[in-house]
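These protein sequence lines are chains S and H, in that order.
Anchor point for the first sequence: position 237 equals 237 in my numbering, and the numbering is continuous, going up by one each time.
Every position in the second sequence, counted from 1, becomes a number in my numbering once 317 is added.
For every residue, glycine included, the Cβ atom is placed at its ideal position computed from N, Cα and C.
Okay, structure first, notes after.
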Amino acid sequence: MIAEMREALQAALAELLGRQVEISEPVLLPGGASKEAWAVDAGEERLLVRRAGGGVIHRHTLSLRHEFEVLEVAYEQGVRAPRPVAYIEDLEGREAFVMERLEGETIGRRIVRAPVPESLPVQMAEELAKIHALPAERLPFLEEATIDRLVVELDEVGEPHPAIELGLWWLREHAPPPREPVVVHGDFRIGNLVIDASGLVGVLDWEFTHLDDPARDLAFGLVRAWRFGVPEKRLGGIGDVEPYLDRYNELTGFDVRPDELDYWEVAGNVGWAIGCLTQAQRHLTGQDRSVELAILGRLGAEVEYEICHLLERQGVT
Amino acid sequence: MSERPTPDELAEAIEEFLAGEILPTLADHRLRFRLLVALNALGIVRRELTKLPPVDDAEQRELATRIRAGDVPGGTLARLKADVVARLQVASPHYVERYAADE
């Protein structure tokens, strides 16, 4: 499999770059059930090949072609992200794209335990401000995602989850005045960011990019599951929300209020609780058999507990 | 309370993982043999579990439907939280305890 992949990749890169390239043996990186990630070097260049896996996380993710286009626009507009190299329509039977392989840590559990610069929350705010200023007209395929879409996804799972329903009910009852939709990353959190000792090296995983309320994107990194066992640091287990929110508001002029973050933090948890169920469905339906996906169906209860806790704090009884 | 994956579905997922991904990597004959025995044992567990009667989730379904319709009387959250805690005692026994310690 690896020999074939090397040959196919070498041929594809030679054609796309218009020159002969000699590549190292591709190494399949762990994680990422819906997409494969291959590390490969072409001479001095460190590359990462993102290739379609067996299925898709769910139908609301971008195709690799569109994800590549988003990455191109983001990189061009100065967002810290891997340099996009090439889109490959058929790499051993599946679509793929090639990008720069950034150096740094992406594993959430390691990041929250490693020394990170105090400025990391501010750096995250700066990247998010740039992302929210990306020209939507250059990415006409991006769709808007509403809270109602979560209901559709939950109904597709078909299991009764009253705690998630209560979260959805609260979100319907307390929606803040809607903001003008902007381009949002959709999964901006520790785990999808490359971090090193100097801070944020690059933003990864653009497959959930869509048009939405910017405050929703800003709050997603606050979801407890993405604090990786350091819950007292509300921003992804690495820092406080205040400097992050202040810097973001300073750069965008959006004046996002803390109570909006609270609202969207509930939404982020509801979304991830449903995400756990849909991931388990991928296993249960045979689309992508894996113990890691299967167990998420049960671990979603942790997220439901957090929903209950957040609603309690909002005065729900 | 209906919970997916069901116990037998979880056992099946483990069986597939061990047989499909671990077994082919084992060169040691003794370990291979012991893994095959473990898989036999796990198969017994899975088949026993398939004999369990299906869990009745009618009450949860009704509750979910009522909340969807906006019928949320006081005390709803407390009740749901108790249900979630009961599920966590199976799925992630230390979670609630750790959560309380972190607050």
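Cβ separation of ILE164/S and LEU171/S, assumed to be a contact under 8 Å, to the nearest whole Å: In the first sequence, the residue the question calls residue 164/S occupies position 164. In the first sequence, the residue the question calls residue 171/S occupies position 171. Not really, about 11 Å apart at Cβ, beyond 8 Å.
Check whether the Cβ of PHE334/H lies closer than 7 Å to any Cβ atom in chain S. Within the second sequence, residue 334/H is the residue found at index 17, counting from 1. At least one chain S Cβ lies under 7 Å of PHE334/H.
Local conformation of PRO243/S per DSSP, three classes: Locating residue 243/S in the first sequence gives position 243, counting from the first residue. Shown here, PRO243/S sits in a helix according to DSSP, grouped into three states.
Leaving out the 5 sequence neighbours to the left and right, which residues in its chain are closer than 8 Å to VAL122/S when beta-carbon positions are compared? Against the first sequence, residue 122/S aligns to sequence position 122. Same-chain partners within the cutoff: PRO243, TYR244 and ARG247.
So which of LEU120/S, LEU17/S, THR285/S and VAL40/S has the shortest CA-CA distance to ILE195/S? Taking the first sequence and counting its residues from 1, one reaches residue 195/S at position 195. Of the candidates LEU120/S, LEU17/S, THR285/S and VAL40/S, the one whose C-alpha sits nearest the C-alpha of ILE195/S is LEU120/S.
Rank VAL316/S, ALA136/S and GLU302/S by C-alpha distance to the C-alpha of ALA417/H and give the top, closest one. Stepping through the second sequence from its first residue, residue 417/H is reached at position 100. With distances taken between Cα atoms, ALA417/H lies closest to GLU302/S.
So, do the region 35-50 of chain S and the region 18-25 of chain S have three or more beta carbon pairs nearer to each other than 8 Å? Counting Cβ pairs under 8 Å, three or more are found: they touch.
Look at HIS210/S and GLU143/S and say whether their C-beta atoms are less than 7 Å apart. Counting from 1 along the first sequence, the entry for residue 210/S is found at position 210. Counting from 1 along the first sequence, the entry for residue 143/S is found at position 143. The beta carbons of HIS210/S and GLU143/S sit closer together than 7 Å.
Give me the residue from PRO117/S, ARG51/S and ILE2/S with the minimum Cα distance to ASP240/S. Translated into the one-based positions of the first sequence, residue 240/S becomes position 240. For ASP240/S, the nearest C-alpha among the options comes from PRO117/S.
Can you tell me whether DSSP reads MET318/H as helix, strand or coil? As a first step, residue 318/H is located in the second sequence; it is residue number 1 there, counting from the start. Low local confidence applies: a pLDDT of 49 at MET318/H is under 50, so the model's placement there is unreliable, with the coordinate-based value given in what follows. Coil at MET318/H, not helix or strand.
Assign ALA17/S to buried or exposed, taking buried as 16 or more other Cβ atoms, counted over all protein chains shown, within 10 Å of its Cβ. If you number the first sequence from 1, residue 17/S lands on position 17. For the record, residue 17/S in the displayed sequence is Leu; it is not Ala. LEU17/S comes out exposed.
Output yes if chain H places a C-beta closer than 7 Å to the C-beta of TRP169/S; else output no. Numbered from 1 along the first sequence, position 169 holds the residue referred to as residue 169/S. Yes, contact with chain H.
For VAL79/S and ALA375/H, what's the separation of their Cα atoms in angstroms? Looking up residue 79/S in the first sequence gives position 79. Looking up residue 375/H in the second sequence gives position 58. Computed Cα separation, rounded: 50 Å.
Counted within 10 angstroms of its Cβ, other Cβ atoms place ASN357/H as buried (16 or more) or exposed: Here residue 357/H refers to the residue found at position 40 of the second sequence. So ASN357/H ends up on the exposed side.
Between the alpha carbons of ARG396/H and ASP388/H, how many angstroms are there, rounded? Mapped onto the second sequence, residue 396/H falls at position 79. Mapped onto the second sequence, residue 388/H falls at position 71. Roughly 14 Å separates the two Cα atoms.
Under 7 Å between C-beta atoms, does GLU153/S make it to chain H? Within the first sequence, residue 153/S is the residue found at index 153, counting from 1. No, GLU153/S does not count as interfacial toward chain H.
From MET318/H to VAL372/H, what distance separates their C-alpha atoms? Counting from one through the second sequence, the residue named residue 318/H turns up at place 1. Counting from one through the second sequence, the residue named residue 372/H turns up at place 55. At MET318/H the pLDDT is 49, less than 50, meaning the model places this residue with poor confidence; the figure from the coordinates comes in the next sentence. MET318/H and VAL372/H: Cα-Cα distance of roughly 6 Å.
Compute the minimum distance between the beta carbon of ALA136/S and the heavy atoms of the ligand SAH, and state whether it is under 6 Å. This structure simply doesn't include the ligand SAH, nor any ligand for that matter.
If I follow the unbroken beta strand (DSSP E) through GLU45/S, where does it start and stop? As a first step, residue 45/S is located in the first sequence; it is residue number 45 there, counting from the start. Residues 45-52.
Extent of the continuous beta strand (DSSP E) run through HIS210/S: If you number the first sequence from 1, residue 210/S lands on position 210. Start and end: 210-212.
Residues of its chain near LEU296/S, where Cβ-Cβ distance is below 6 Å and the 5 sequence neighbours each way are ignored: The residue labelled residue 296/S in the question sits at position 296 within the first sequence. These residues qualify, in order along the chain: CYS276, GLN279 and ALA280.
List the residues of chain H that VAL316/S touches, going by C-beta distances under 7 Å, in chain order. Locating residue 316/S in the first sequence gives position 316, counting from the first residue. Per Cβ cutoff of 7 Å: LEU394.
My output table needs one value for ALA328/H: the three-state DSSP class, helix, strand or coil. Taking the second sequence and counting its residues from 1, one reaches residue 328/H at position 11. Reduced to three states, the DSSP call for ALA328/H is helix.
Give me the chain S residues within the contact set of ARG321/H, using Cβ-Cβ distance strictly less than 7 Å, ordered along the chain. Here residue 321/H corresponds to residue number 4 of the second sequence, with the count starting at 1. The answer, in chain order, is GLU159, ALA280, LEU284 and GLY297.
Whose C-beta lies closer than 6 Å to the C-beta of LEU261/S among residues of the same chain, with five residues either side of it excluded? To locate residue 261/S, count along the first sequence from 1; it is residue 261. Only ALA219 meet the Cβ criterion.
Between LEU166/S and LEU394/H, which are expected to be in contact by the criterion C-beta below 8 Å, what is the C-beta distance as a whole number of angstroms? Looking up residue 166/S in the first sequence gives position 166. Looking up residue 394/H in the second sequence gives position 77. LEU166/S to LEU394/H, Cβ: 6 Å. Contact.
Nonlocal neighbours in the same chain, by C-beta distance under 7 Å from GLU365/H, ignoring five residues either side: Here residue 365/H is taken as the residue at index 48 of the second sequence, counted from 1. Correct list: empty, nothing qualifies.
Exposed or buried, what is ILE2/S when buried is set at 16 or more other beta-carbons lying within 10 Å of its beta-carbon? Residue numbering aside, residue 2/S sits at position 2 when the first sequence is read from its first letter. Result: exposed.
Give the residues of chain A in contact with CYS308/S, contact being defined as C-beta atoms less than 7 Å apart. Of the protein chains in this structure, namely S and H, none is chain A.
Using beta carbons (cut-off 7 Å, strictly below), is ALA294/S in contact with chain H? Reading the first sequence from its first residue, position 294 is the one you call residue 294/S. Residue contact check for ALA294/S against chain H: a CB pair falls below 7 Å.
Please check if any C-beta of chain H sits within less than 7 Å of the C-beta of TYR263/S. Translated into positions along the first sequence, residue 263/S becomes position 263. No, no contact with chain H.
Which term fits ALA403/H, buried or exposed, when burial requires 16 or more other beta carbons within 10 angstroms of its beta carbon? Locating residue 403/H in the second sequence gives position 86, where the first residue counts as 1. Answer is exposed; the Cβ neighbour count stays below 16.
Along the chain, which unbroken stretches of the alpha helix (DSSP H) at least 4 residues long are found entirely within the region 325-379 of chain H? 346-367
Alpha carbons only, please: which of LYS35/S, GLU76/S, MET99/S and PHE141/S is nearest the one belonging to TYR87/S? Counting from one through the first sequence, the residue named residue 87/S turns up at place 87. It is MET99/S whose Cα lies nearest to the Cα of TYR87/S.
What is the DSSP secondary structure of MET5/S, reduced to helix, strand or coil? Stepping through the first sequence from its first residue, residue 5/S is reached at position 5. Looking at MET5/S - three-state DSSP - the assignment turns out to be helix.
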